[in-house]
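Chemist: In my numbering, the protein residues as written are 407 to 536.
Beta carbons are placed, not taken as given, at the ideal position from N, Cα and C, and that holds for glycine.
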């Protein structure tokens with residue numbers, strides 16, 4: 407195995423590289439968490455808006471004596487809208503989870519590599535300075 411002298415600056419540089427890499431990952435993880443929260447909040451807000459709309463429309467439909475068939479069509483459309491919204495929300499959540507898992511997997515792989523390089527560099531530094 408090739409042996410070369412390692413300076414303390416080299417070891418510190420590698421340690422900073424590892425720390426910066428971990429900091430970057432923590433930042434990315436927070437972004438994923440924010441995106442998940444934003445997606446959930448938008449889905450919940452949409453559900454609240456639909457509920458309000460149903461409430462208002464129920465009043466209007468009853469007041470103007472709309473046929474039960476028309477009322478049923480309206481409520482069926484609103485239910486379909488909510489089901490479609492739930493489907494899109496689930497798909498987006500799955501995509502975010504997949505991206506997060508992919509990012510985590512890449513992080514662990516690269517972190518392990520950087521840690522190994524760091525520890526090897528420390529060993530070489532210690533052995534060259536004995």
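#1: Would residue 424 pass as a contact of residue 520 if the rule is Cβ separation under 7 angstroms?
#2: Please check the pair residue 488 and residue 453, which I expect to be a contact at CB under 8 angstroms, by giving their CB distance rounded to whole angstroms.
#3: Answer yes or no: do residue 416 and residue 534 have a C-beta to C-beta separation smaller than 7 angstroms?
#4: Would residue 445 and residue 498 be called neighbours here (beta carbons separated by less than 7 angstroms)?
#5: In its own chain, which residues sit with a C-beta less than 7 angstroms from the C-beta of residue 441, not counting the 5 before and 5 after it?
#6: When DSSP labels each residue in this structure, what does residue 533 get in the three-state scheme?
#7: Would residue 449 and residue 495 qualify as a contact pair, given that the criterion is a beta-carbon distance under 7 angstroms?
#8: If you follow the alpha helix (DSSP H) that residue 447 is part of, which residue opens it and which one closes it?
#9: Quick one, which of 481, 421 and 432 has its alpha-carbon nearest residue 461's?
#10: In chain order, what residues of the same chain have a beta carbon less than 7 angstroms from the beta carbon of residue 527, not counting five sequence neighbours either side?
Modeler: Once the coordinates are examined:
#1: Position 18 of the chain shown, counting from 1, holds the residue named residue 424. Position 114 of the chain shown, counting from 1, holds the residue named residue 520. Cβ atoms of residue 424 and residue 520: closer than 7 angstroms.
#2: In the chain shown, residue 488 corresponds to position 82, counting from 1. In the chain shown, residue 453 corresponds to position 47, counting from 1. Right, the Cβ-Cβ distance comes to about 7 angstroms (below 8 angstroms), so this counts as a contact.
#3: Counting from 1 along the chain shown, the entry for residue 416 is found at position 10. Counting from 1 along the chain shown, the entry for residue 534 is found at position 128. At the C-beta level, residue 416 and residue 534 stay beyond 7 angstroms of one another.
#4: Walking along the chain shown from the start, residue 445 turns up at place 39. Walking along the chain shown from the start, residue 498 turns up at place 92. Against a cut-off of 7 angstroms, the Cβ pair of residue 498 and residue 445 comes out as a contact.
#5: As a first step, residue 441 is located in the chain shown; it is residue number 35 there, counting from the start. The residues 502, in chain order, have a CB closer than 7 angstroms to that of residue 441 in the same chain once the five nearest residues on each side in sequence are set aside.
#6: Position 127 of the chain shown, counted from the start, is the residue given in the question as residue 533. Residue 533 falls in the helix class under three-state DSSP.
#7: On the chain shown, residue 449 is found 43 positions in, with the first residue counted as 1. On the chain shown, residue 495 is found 89 positions in, with the first residue counted as 1. Between residue 449 and residue 495, the C-beta spacing is below 7 angstroms.
#8: In the chain shown, counting from the first residue as 1, residue 447 sits at position 41. Boundaries of the alpha helix (DSSP H) harbouring residue 447: 414-469, taken from the DSSP string.
#9: As a working mapping, residue 461 is identified with position 55 in the chain shown. Of 481, 421 and 432, the residue nearest in Cα terms is 481.
#10: Mapped onto the chain shown, residue 527 falls at position 121. Setting aside the 5 residues that flank it on each side, residue 527 is surrounded in the same chain by 412, 416, 417 and 420, each with a C-beta closer than 7 angstroms to its C-beta; the list follows chain order.
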